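K.L.:
Numbering (the numbering used here), first residue to last: 375 to 795.
1) What are the boundary residues of the beta strand (DSSP E) that includes residue 631?
2) By Cβ distance below 8 Å, which residues in the same chain neighbour residue 479 in space, the five residues on each side in sequence not counted?
3) Roughly how many whole angstroms lie between the Cα atoms of residue 490 and residue 463?
4) On the CB-based measure, 16 or more other CB atoms within 10 Å of its CB, does residue 560 come out buried or exposed?
5) Using the three-state DSSP reduction, which class does residue 776 fall into: helix, strand or coil?
6) Would you grab the beta carbon distance between residue 598 and residue 631 for me? Rounded to a whole angstrom, and I think it's under 8 Å.
7) Can you tell me whether residue 525 sits near the ligand SAH, meaning its C-beta is under 7 Å from at least one heavy atom of the ligand?
8) Strictly by DSSP, which residues pair up with residue 700?
9) If you count every other CB in all the chains shown that lies within 10 Å of the CB of residue 406, and 16 or more means buried, which is it?
10) On the CB-based measure, 16 or more other CB atoms within 10 Å of its CB, does residue 412 come out buried or exposed?
11) If you count every other CB in all the chains shown that lies within 10 Å of the CB of residue 772, and 16 or more means buried, which is it?
12) Tell me whether residue 482 is buried or exposed, calling it buried when 16 or more other Cβ atoms sit within 10 Å of its Cβ.
13) Please state the DSSP three-state secondary structure of residue 644.
14) Comparing C-alpha positions only, which one of 555, 471 and 566 sits nearest to residue 543?
15) Three or more C-beta pairs closer than 8 Å, one from the region 731 to 748 and one from the region 760 to 772: is that the case here?
16) Ignoring anything shorter than 3 residues, give me the beta strand (DSSP E) runs that lie fully in the region 394 to 424, in order along the chain.
17) Looking only at C-alpha atoms, which of 750, 777, 749 and 711 sits nearest to residue 757?
18) Do you know offhand how far residue 728's Cα is from residue 775's?
19) Just curious, the beta strand (DSSP E) that residue 442 is in, first and last residue?
20) Kindly identify the DSSP beta-bridge partner or partners of residue 426.
21) Cβ of residue 606 less than 8 Å from any chain D Cβ?
22) If you reduce the DSSP assignment to three classes, tell me which class residue 592 lands in.
23) I need the DSSP call for residue 448, collapsed to helix, strand or coil.
24) Could you tell me whether the region 739 to 758 touches the region 607 to 615, where touching means 3 or more Cβ pairs closer than 8 Å?
25) Leaving aside the five residues before and after residue 600 along the sequence, list all residues of the same chain whose C-beta is less than 6 Å from its C-beta, in chain order.
26) Thinking just about the alpha-carbon of each residue, which of 742, 779 and 718 is nearest to the one in residue 790?
27) Alpha carbon to alpha carbon, what distance is there between residue 739 and residue 794?
28) Taking the beta strand (DSSP E) that residue 790 falls in, what are its first and last residues?
29) Would you tell me roughly how many angstroms separate the C-alpha atoms of residue 782 and residue 677, rounded to the nearest one?
30) By DSSP, does residue 715 sit in helix, in strand, or in coil?
31) Quick check: what's the CA-CA separation for residue 683 versus residue 510?
32) First and last residue of the beta strand (DSSP E) that includes residue 755?
33) Once DSSP output is grouped into helix, strand and coil, what is the label at residue 741?
34) Taking the straight line between their C-alpha atoms, what separation do you get for residue 487 and residue 568?
35) So is residue 761 buried or exposed if we call it buried at 16+ other beta carbons inside 10 Å?
36) Determine, using beta-carbon pairs with one atom in the region 656 to 665 and one in the region 568 to 579, whether at least three such pairs fall under 8 Å.
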């Protein structure tokens, strides 16, 4: 009996000696890993044994960095929500985790995440008041991983980034592969810079800027002037190519236009390209009743890093009346003895042949004193001084006349005196 007890004790002791601690076992690495674009996002799928998962990004062979983690209930797929860093060589690695141990990683094929090149603005031209056509070049970025599963054909699409008045901004993306396009109508002044966008994100913006500015013109026109005198028209320009900052530009070309009546077409009578930083004169001879306006043609300025466009503008129509010019009018002699011979003469411009009227002042009102015929702008009438001594005031009224298709309005001379003694 003792031997048996000893034997049992020995077996028990041997059994205790054979017990070893339990070690955790790493899960198997995921299999069947795929990577593709789904709804514009990088999408990964894989198979595993129901484990949690860790997703890493490795750039240019460097140390992988954790970018996402999934619980065991999270499924075996993920769409990346954050953009990947631009790089020539990237791969994504998925590992399985059981909470204690992490499996070996399973990697995607290497792919690139390069953003597109920066587009270069080549030219721009107005096609409407607030719309411009533009052209550009966009170079292709060298593909270091041709044929990778995330390659998308093309160099990307060009995007116009539009800085509008105030704090508002807007953008317009053109079709992939396009090298020209028309911008949408924008409020002015606006600054537009180009960038490019591809599946990975946006490029930097081009340093060259397109400015679509606003230009306002002002003009003051004398309400009336005598025939042949210079009509002193004063003009101003207000140019804005940047919000809140008026540009003082000299040499902006302007045109003075006129027409006889509202139904007539405008005709250019003068051009000016002098100092436009302050008020400037765009005068013209007063040759008949006309409407005037200042026209500023569309403007384009091209410099190293800017193209500035301003649409054509004009002032509203301003009217001016032309009056007959009385070069001379009066009696010879102006002081005469009773019954003496007296001549009434007058000279006008334009040198019209027209029947005028002589008027006299009776102390309270003007009364008609008879016709006065002008021939080629000159009138001469012989007469005699009356028998009553004293002074009398006279004036001449000339009716409206038509000169070279323009009306010269009816005009009254200044009063002149005949004294009889």
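Note that beta-carbon positions come from the ideal geometry of N, C-alpha and C, so glycine has one too.
Just so you know, these numbers come straight off a predicted model, no measurement behind them.
P.N.:
Straight from the coordinates:
1) On the chain shown, residue 631 is found 257 positions in, with the first residue counted as 1. Taken as a continuous stretch (DSSP letters only), the beta strand (DSSP E) holding residue 631 covers 628 to 633.
2) Within the chain shown, numbered from 1, the residue matching residue 479 stands at position 105. Excluding residues up to 5 positions away in sequence, 403, 430, 438, 467, 468 and 469 lie with their Cβ nearer than 8 Å to the Cβ of residue 479 in the same chain.
3) If you number the chain shown from 1, residue 490 lands on position 116. If you number the chain shown from 1, residue 463 lands on position 89. For residue 490 and residue 463, the gap between their C-alpha atoms comes out near 15 Å.
4) Taking the chain shown and counting its residues from 1, the one referred to as residue 560 is at position 186. Sixteen is the threshold: when 16 or more other Cβ atoms of the shown chains lie within 10 Å of the Cβ of residue 560, as they do, the residue is buried.
5) Here residue 776 is taken as the residue at index 402 of the chain shown, counted from 1. In the structure shown, residue 776 sits in a strand (DSSP, three-state: E or B).
6) Locating residue 598 in the chain shown gives position 224, where the first residue counts as 1. Locating residue 631 in the chain shown gives position 257, where the first residue counts as 1. Actually they do not touch by this definition, with Cβ atoms about 20 Å apart.
7) Inclusion of the ligand SAH in the displayed structure is not the case, the ligand content being empty and no account of it being possible.
8) Reading the chain shown from its first residue, position 326 is the one you call residue 700. Paired residue(s): 722.
9) Within the chain shown, the letter at position 32 stands for residue 406. Exposed: under 16 other Cβ atoms inside 10 Å.
10) Looking up residue 412 in the chain shown gives position 38. Looking at its Cβ environment, which holds fewer than 16 other Cβ atoms inside 10 Å, residue 412 is exposed.
11) One-based indexing of the chain shown puts residue 772 at position 398. Flag for residue 772 reads buried.
12) Sequence index remark: in the chain shown, residue 482 carries index 108 (1-based). That one is buried.
13) Taking the chain shown and counting its residues from 1, the one referred to as residue 644 is at position 270. If DSSP states are grouped into helix, strand and coil, residue 644 belongs with the strands.
14) The residue labelled residue 543 in the question sits at position 169 within the chain shown. Residue 566 is the option with its Cα nearest to residue 543.
15) Short answer: they touch.
16) Fully enclosed beta strand (DSSP E) runs of 3 or longer: 405 to 412 and 415 to 421.
17) As a working note, residue 757 is residue 383 in the chain shown. Among 750, 777, 749 and 711, the Cα nearest to that of residue 757 is on 711.
18) Position 354 of the chain shown holds residue 728. Position 401 of the chain shown holds residue 775. Looking at the backbone, the Cα of residue 728 and that of residue 775 are separated by about 8 Å.
19) Taking the chain shown and counting its residues from 1, the one referred to as residue 442 is at position 68. 439 to 444 is the extent of the beta strand (DSSP E) around residue 442.
20) Counting from 1 along the chain shown, the entry for residue 426 is found at position 52. 471.
21) The chain inventory of the structure shown lacks chain D, comprising one protein chain alone.
22) If you number the chain shown from 1, residue 592 lands on position 218. The three-state secondary structure of residue 592, taken from DSSP, is strand.
23) Here residue 448 refers to the residue found at position 74 when the chain shown is read from its first residue. Note: residue 448 maps to helix in three-state DSSP.
24) Because the criterion of three Cβ pairs below 8 Å is not met, the region 739 to 758 and the region 607 to 615 do not touch.
25) Sequence index remark: in the chain shown, residue 600 carries index 226 (1-based). Within the same chain, residue 600 has close Cβ partners 697 and 699.
26) The residue you call residue 790 lines up with position 416 of the chain shown. Residue nearest to residue 790 within the set 742, 779 and 718 is 718 (criterion: CA-CA distance).
27) In the chain shown, residue 794 corresponds to position 420, counting from 1. In the chain shown, residue 739 corresponds to position 365, counting from 1. Cα-Cα distance, rounded: 21 Å.
28) Within the chain shown, the letter at position 416 stands for residue 790. Unbroken beta strand (DSSP E) run through residue 790: 790 to 794.
29) Locating residue 782 in the chain shown gives position 408, counting from the first residue. Locating residue 677 in the chain shown gives position 303, counting from the first residue. Residue 782 and residue 677: Cα-Cα distance of roughly 49 Å.
30) Locating residue 715 in the chain shown gives position 341, where the first residue counts as 1. Residue 715 falls in the strand class under three-state DSSP.
31) Residue mapping note: residue 683 aligns to position 309 of the chain shown, counting from 1. Residue mapping note: residue 510 aligns to position 136 of the chain shown, counting from 1. Whole-angstrom Cα-Cα distance: 17 Å.
32) Sequence index remark: in the chain shown, residue 755 carries index 381 (1-based). Counting along the chain, the beta strand (DSSP E) containing residue 755 begins and ends at 752 to 758.
33) By one-based count along the chain shown, residue 741 stands at place 367. The answer is strand: DSSP assigns residue 741 an E or B state.
34) Here residue 487 refers to the residue found at position 113 when the chain shown is read from its first residue. Here residue 568 refers to the residue found at position 194 when the chain shown is read from its first residue. Answer to the nearest angstrom: the Cα atoms are 21 Å apart.
35) Position 387 of the chain shown, counted from the start, is the residue given in the question as residue 761. Exposed, since its Cβ has fewer than 16 Cβ neighbours within 10 Å.
36) No: the two stretches stay apart, fewer than three of their Cβ pairs being nearer than 8 Å.
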